Amino acid sequence: PAELRGTYLGLAHPAAIVHFKSLGITAIELMPVHHFVHDMNLLERGLCNYWGYNTIGFFAPHAEYFTRPDDSKGQVDEFKQMVKSLHEAGLEVILDVVYGHTAEGNQLGPILSFKGIDNPAYYRLDDNRFYYRDYTGTGNSLNTYHPHTLQLLMDSLRYWVTEMHVDGFRFDLAPTLARTAHEVDRACPFFSTIHQDPVINQVKLIAEPWDVGDGGYQLGNFPPLWSELNGQFRDCVRDYWRAHDHTSRHLSLRMAGSPDLYGHDRRRPSASINFVASHDGFTLADLVSYDQKHNIMNGECNMDGHTDNRSWNCGAEGITADFAINALRAQQQRNMLTTVMLSQGVPMLLAGDELGRTQCGNNNAYCQDNDVSWIDWQR
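Sequential numbering of the sequence shown, starting at 27, is according to the working numbering.
Here you go:
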């Protein structure tokens, strides 16, 4: 129903659940639902922070996903109802959580909460204590080495498990959370506290195993209990199906659960989250339709978004009426999805890829709350 679209209750509507069950999926991973704010520079361009990676409230469901966004109460109840309905259908709920940074940005950003309460306790600062250390690319990095900041994050995680009944978490830019003085450390307080917590060590823990700081690429280096988004799987499968040279041996390792990445810790193939497309980059349909990104609508002169997409347009850039090209594109999508589904590990499917959803070549649609990002259910 129109009044439920884009809301918690819309996600758990019987029509949506029927579709989810028809796919055979077992869990739904939500992009950020912690309350976030829209960047002023986006609002000035008539855009918004559609993805939600701009958190300011670690304990509050985002109000805009409530059926009555102008009401100050009720989003907690509707979130719980969504989780209950999905659980009754046999579907788990995993949250993409952004604990590495906040919406307060760098020294030029607004003072919304943590800056005004205790700036050096909540944030990692340079030696001059004016500028922020930025391992996230967003202007600041939360100081998880401080005991009270760590307590805040653990209280938040427990709240979403014990009160909101979610089944796990995907940690955005997870190496930022594992940094001590500067380096990523497997023995950091954040990991140690999670592993000892009787609530959190029982749920699913998924890392985005890279950030933008020095030594931030940590794929394969997370401790037991953790699974990781396998970026090498994504890149290898894309290369193989566009006939890139010397990929067969690497593909065999990826399909076998990437033992070269996880075997040294005796981690099982379930440590590998296998995917070829995620929210961050081309959709599956665009991966076989575009050689170049087309992000002009983002207002950044096409300078944003990845350039290393490992895509192939199959002979024409973008939409075409050529029957042979369209047939090849459809086959390539099936090839890559089949590889994901038949490989050892945990398969992840980007919402809409089962329908051939396109973003018209935009590989960074974080600010597009329109038909660039929306799913067309009539396809």
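Beta carbons are placed, not taken as given, at the ideal position from N, Cα and C, and that holds for glycine.
Just so we're clear, the structure is a prediction, and the values are computed from it rather than from any experiment.
Ranked by how close their Cα comes to the Cα of Q318, the residues L310, E326 and T333 have T333 in first place.
The criterion of a C-beta distance shorter than 9 angstroms is not satisfied by I220 and E55. One thing to note: A204 has its Cβ no nearer than 9 angstroms to the Cβ of T162.
Between I43 and A115, the gap from beta carbon to beta carbon is short of 9 angstroms.
Fewer than three Cβ pairs drawn from the stretch 31 to 48 and the stretch 347 to 359 lie within less than 8 angstroms of each other, which leaves the two stretches out of contact. Under DSSP, R205 shares a beta bridge with V210. For D286, the uninterrupted alpha helix (DSSP H) run begins and ends at P285 to Y288, by DSSP. Under DSSP, Y149 shares a beta bridge with L168. Per DSSP, the beta-bridge partners of D122 are R196. Under the 10 Å beta carbon count, T52 is surrounded by fewer than 16 other beta carbons and is classified as exposed.
Collapsing the DSSP output to three states places P250 in coil. CA-CA distance, P249 to H191, rounds to 25 angstroms. Setting aside the 5 residues that flank it on each side, P373 is surrounded in the same chain by N300, V366 and M367, each with a C-beta closer than 7 angstroms to its C-beta; the list follows chain order. DSSP places P95 outside both helix and strand once states are collapsed to three, so it counts as coil. In the DSSP assignment, A42 falls outside any beta strand (DSSP E) and within the unbroken alpha helix (DSSP H) covering P40 to L49.
Take C74, set aside five residues on each side of it, and the residues of its chain with a beta-carbon closer than 7 angstroms to its own are H64, L68, C393 and D395, in chain order. The beta carbon of M323 sits closer than 7 angstroms to the beta carbons of N388, Q394 and V398 from its chain, once the five residues preceding and following it are set aside; these are given in chain order.
Within its own chain, the residues whose Cβ lies closer than 7 angstroms to the Cβ of F156, once the five positions on either side in sequence are excluded, are Q133, listed in chain order.
As the crow flies, the alpha-carbon of E70 is around 18 angstroms from that of D330.
Under the three-pair Cβ rule at 8 angstroms, the stretch 229 to 244 counts as touching the stretch 201 to 216. In this structure, H272 and C262 do not form a Cβ contact; the two beta carbons are roughly 11 angstroms apart against a cut-off of 8 angstroms. When the five nearest sequence neighbours on each side are left out, the beta carbons in the same chain lying within less than 6 angstroms of the beta carbon of M281 are those of S369, in order along the chain. Collapsing the DSSP output to three states places L112 in a helix. For D237, the closest alpha carbon among the candidates P173, V302, S167 and V225 is that of S167.
Within the same chain, Cβ atoms closer than 6 angstroms to the Cβ of L255 are found at E234 and I299, the five residues on either side in sequence being excluded. When the Cα atoms are used, R184 and G239 turn out to be separated by approximately 28 angstroms.
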